[in-house]
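Trainee: Residue numbers (the UniProt record's numbering): 1 to 308.
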């Protein structure tokens, strides 16, 4: 817009993320400032935050995570997680988990060093110095865990079971190759996306272990997961067995071989999961129909929250 004396007038628009931004004013379409982001009444000093890594690292931030993410819901999956989205409008839904200071070192180490297609993908971490829960890790968001699939009331087919078990064992094979044991694998920390992709959470507490007994504990835990999916309940006596007479010989033999102590890599070659040439019979897409059934029929434990 030009004034009567010929000088150009510039209008400044306030953006919550970028501060002042210059732009020419328009007579017919006045520019409306973006809505301000709600802040706490008492703003905490930035000195109260410290990054795990140098500022240029993608794994650490020295700011409050809620300056970058907003949440309206908390969902119970492997733990209570905050379902969030970025304040800058970039695409994506994210999960933020909070941890205590005493666990923060190991958790961050695992998140930064482990990456696999069937482990929950880690994006970045924040650390505060002023609260009991001083570590916040940002990961991809998966809407369901296997507990929801068990609760939906539809028993998985052999193909769906093979898809779940193949993806779980693929992740365990990777962890074991890194001399790590998950140690607490169960339905609640095995998460599922709408496209049928299964990913393990809780790996940030993995223990270093050189030996086979801890690895066998993970394999047996995977067997209990399969039993729970097949029978719609958990085994109470600690034994792996099949009570569904409609199951295939391959499925029954697969559970028997889990009990016998085969490794994750060996089980991935089992006839229940692989063809004779070693190629997998399973793929994540086999599971997507069951996931959509779960979306309509299972109850998800959640809490609504005001935007932070």
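Yeah, the Cβ is synthetic: ideal placement off N, Cα and C, and Gly gets one too. Model, not experiment: these values are computed from the prediction.
1. So for residue 227, helix, strand or coil by DSSP?
2. Can you name, in chain order, every residue of its own chain whose Cβ lies under 6 Å from the Cβ of residue 188, other than the five neighbours on each side?
3. In this structure, what does DSSP give as the bridge partners for residue 274?
4. Are the CB atoms of residue 136 and residue 94 nearer to each other than 8 Å?
5. Of the residues 276, 258, 293 and 261, which one's Cα is nearest the Cα of residue 196?
6. Beta carbon of residue 216, beta carbon of residue 253: below 8 Å?
7. In the DSSP output, which residue or residues are listed as bridge partners for residue 95?
8. Under 6 Å Cβ to Cβ from residue 39, same chain only, skipping five residues before and after it: list those, please.
9. Starting from residue 293, trace the alpha helix (DSSP H) both ways and give me its first and last residue.
10. Report the residue from 143, 211 and 177 whose alpha carbon sits nearest the alpha carbon of residue 96.
11. So, using beta-carbon positions, are residue 206 and residue 185 closer together than 8 Å?
12. In three-state terms, what does DSSP make of residue 160?
13. Indicate the three-state DSSP secondary structure (helix, strand or coil) for residue 240 in the structure shown.
14. Would you tell me roughly how many angstroms separate the C-alpha atoms of residue 113 and residue 202, rounded to the nearest one?
15. Using DSSP with H/G/I as helix, E/B as strand and the rest coil, what is residue 304?
16. Measuring alpha carbon to alpha carbon, tell me which of 268, 86 and 64 ends up nearest residue 70.
17. State whether the region 157–166 contacts the region 97–117, with contact taken as three or more CB pairs (one from each stretch) at a distance under 8 Å.
18. Go to residue 258, then tell me how far its alpha helix (DSSP H) extends in each direction, as first and last residue.
19. Do residue 204 and residue 76 count as a contact pair if the criterion is CB distance below 8 Å?
20. Taking the beta carbon of residue 304 as the centre, do at least 16 other beta carbons fall within 10 Å, making it buried, or is it exposed?
21. Take residue 152 and list the residues in its own chain whose beta-carbon comes closer than 6 Å to its own, dropping the five residues that flank it on each side.
22. Using the three-state DSSP reduction, which class does residue 199 fall into: helix, strand or coil?
23. For residue 300, which residues in the same chain have their Cβ closer than 8 Å to its Cβ, ignoring the five residues on either side in sequence?
24. Could you compute how far the alpha carbon of residue 182 sits from the alpha carbon of residue 208?
25. Buried or exposed: where does residue 124 fall if 16 or more other Cβ atoms within 10 Å of its Cβ makes it buried?
26. In the DSSP assignment, find the unbroken alpha helix (DSSP H) run with residue 266 in it and report its ends.
27. Ends of the alpha helix (DSSP H) at residue 193?
28. Taking DSSP's pairing of strands, which residues face residue 76 in a bridge?
29. Check whether the Cβ atoms of residue 150 and residue 232 lie closer than 8 Å to each other.
30. Under the DSSP definition of a beta bridge, which residues are partnered with residue 119?
31. I need the boundaries of the alpha helix (DSSP H) containing residue 113, first residue and last residue.
32. Within this structure, are the beta carbons of residue 115 and residue 172 separated by less than 8 Å?
33. Indicate the three-state DSSP secondary structure (helix, strand or coil) for residue 232 in the structure shown.
Mentor: By the coordinates alone:
1. helix
2. 78, 145 and 147
3. 280
4. no
5. 293
6. no
7. 83 and 139
8. At residue 39 the pLDDT is 36, less than 50, meaning the model places this residue with poor confidence; the figure from the coordinates comes in the next sentence. Scanning its chain for C-beta atoms nearer than 6 Å, with the 5 sequence neighbours on each side dropped, one finds no residue around residue 39.
9. 288–297
10. Nearest in C-alpha terms to residue 96, of all of 143, 211 and 177, is 143.
11. no
12. helix
13. coil
14. 14 Å
15. strand
16. 86
17. As far as the Cβ criterion goes, the region 157–166 does not touch the region 97–117, which means the pair count is below three.
18. Residues 249–260.
19. Going by C-beta atoms, residue 76 is not nearer than 8 Å to residue 204.
20. exposed
21. 293, 294, 297 and 298
22. strand
23. 75, 76, 143, 144 and 148
24. 9 Å
25. buried
26. 264–267
27. Segment: none, residue 193 is in no alpha helix (DSSP H) and carries neither H nor E.
28. 80
29. yes
30. 200
31. 101–113
32. no
33. coil
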